[in-house]
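See below for the structure under consideration.
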Amino acid sequence: MLRVAIQVKELISSNVTSALDSMSSSAKMLHQLQREIEEAIIALEGERTKTERNLKRLKATLTQNEMREADWGDKAKAAMDHDREDLARQALMAREDCREAIASGKDDIAKAKADLKEIDEAVKELEAKREETREQAKAQSAADADKSGCSDAGASTAEKRLNRVSQMEKRTEFATEDTASARTNASVDREIDEMRRASTVDAELAALKGGAKKAPAKRARKKA
2 MLRVAIQVKE LISSNVTSAL DSMSSSAKML HQLQREIEEA IIALEGERTK
52 TERNLKRLKA TLTQNEMREA DWGDKAKAAM DHDREDLARQ ALMAREDCRE
102 AIASGKDDIA KAKADLKEID EAVKELEAKR EETREQAKAQ SAADADKSGC
152 SDAGASTAEK RLNRVSQMEK RTEFATEDTA SARTNASVDR EIDEMRRAST
202 VDAELAALKG GAKKAPAKRA RKKA
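Here the numbering used here is used: the first residue of the sequence shown is 2, the next is one more, and so on.
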């Protein structure tokens, strides 16, 4: 997605716009731009298909993790009913893993939906640019037909622009912003998360243990 996004931004923000605004753009360059736009649209359609498949898989995985979360909670209660605190603790830890997977899955689903929206918007904009470029290429071809020839300077300018069009993967800085600080704080985040997980499990174990102790007392009163 990143490579295609860079190409789309390059096409929309500089190459196509500058070419369409220039009265000296040759028909050859405009046809080249049209082909570049069409290739970008095809690439985006491929990204759309992959993103839609990934979104479907993420939703299925989320449903499975939600079912596992409920199942591990039931198993923890069953283990405490049989005075197996060790098994109950393991079940609760497994449930916490499911909860983390659920939260991560929801984030991934939201990102996939945002990617699909971005792809749709980019395709619409590129389609408009493609039509605009195609019309100007026709007009330029007609204008070129009325001329006796082109100057060497004009040909050189067109070739330079064509070279710039082919260099469309140069803007990658935006994808790496703020990554250094995120890596620095990663270990601290993990340790704090582990402490929170342990506190949650300990609290629920204590609650389950209290419930398990009350149950035999009730049964004893019934026998009496």
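Yeah, the Cβ is synthetic: ideal placement off N, Cα and C, and Gly gets one too.
Please read all numbers here as calculations on a predicted model, not as lab measurements.
Worksheet item: Going by Cα to Cα distance, which pick from L209, T201, L117, A61 is closest to T52?
Response: Taking the sequence shown and counting its residues from 1, one reaches residue 52 at position 51. Taking only the C-alpha atoms, the option nearest T52 is L117.
Item to complete: Please report the Cβ distance between A80 and A71, rounded to the nearest whole angstrom; I am assuming they are in contact, meaning their Cβ atoms lie under 8 Å.
Response: Residue numbering aside, residue 80 sits at position 79 when the sequence shown is read from its first letter. Residue numbering aside, residue 71 sits at position 70 when the sequence shown is read from its first letter. Rounded, the Cβ-Cβ distance is 15 Å, inconsistent with contact.
Practice prompt. Report the residue from R90, R58, L59, G211 whose alpha carbon sits nearest the alpha carbon of W73.
Written response: In the sequence shown, counting from the first residue as 1, residue 73 sits at position 72. Residue nearest to W73 within the set R90, R58, L59, G211 is R90 (criterion: CA-CA distance).
Fill in: D145, DSSP secondary structure in three states
To locate residue 145, count along the sequence shown from 1; it is residue 144. Three-state result, D145: helix.
Discussion item. Please classify I43 as buried or exposed, where buried requires at least 16 other C-beta atoms within 10 Å of its C-beta.
Written reply: Numbered from 1 along the sequence shown, position 42 holds the residue referred to as residue 43. Here I43 is exposed, its C-beta having fewer than 16 other C-beta atoms within 10 Å.
Fill in: Boundaries (first-last residue) of the alpha helix (DSSP H) holding R36
Position 35 of the sequence shown, counted from the first residue, corresponds to residue 36. Counting along the chain, the unbroken alpha helix (DSSP H) around R36 starts and ends at 28-82.
Worksheet entry | C-beta atoms of E97 and R198 nearer than 9 Å | Within the sequence shown, residue 97 is the residue found at index 96, counting from 1. Within the sequence shown, residue 198 is the residue found at index 197, counting from 1. A distance below 9 Å separates the beta carbons of E97 and R198.
Worksheet item: In terms of alpha-carbon separation, which member of M94, E136, A115 lies closest to D194?
Response: Here residue 194 is taken as the residue at index 193 of the sequence shown, counted from 1. For the residues M94, E136, A115, the minimum Cα distance to D194 belongs to M94.
Worksheet entry | Where G106 falls, given that 16 or more other Cβ within 10 Å makes a residue buried | Start at 1 with the first residue of the sequence shown, and residue 106 comes out as number 105. Within a 10 Å sphere around the beta-carbon of G106 sit 16 or more other beta-carbons, which makes this residue buried.
Discussion item. On the criterion of 16 or more Cβ atoms from any shown chain inside 10 Å, does I64 qualify as buried, or is it exposed?
Written reply: By one-based count along the sequence shown, residue 64 stands at place 63. In the sequence as presented, Ile is not what sits at residue 64; that position holds Thr. T64 should be labelled exposed.
Fill in: L127 vs A28 beta-carbon contact at 9 Å
Position 126 of the sequence shown, counted from the start, is the residue given in the question as residue 127. Position 27 of the sequence shown, counted from the start, is the residue given in the question as residue 28. Taking 9 Å as the Cβ cut-off, L127 and A28 do not qualify as a contacting pair.
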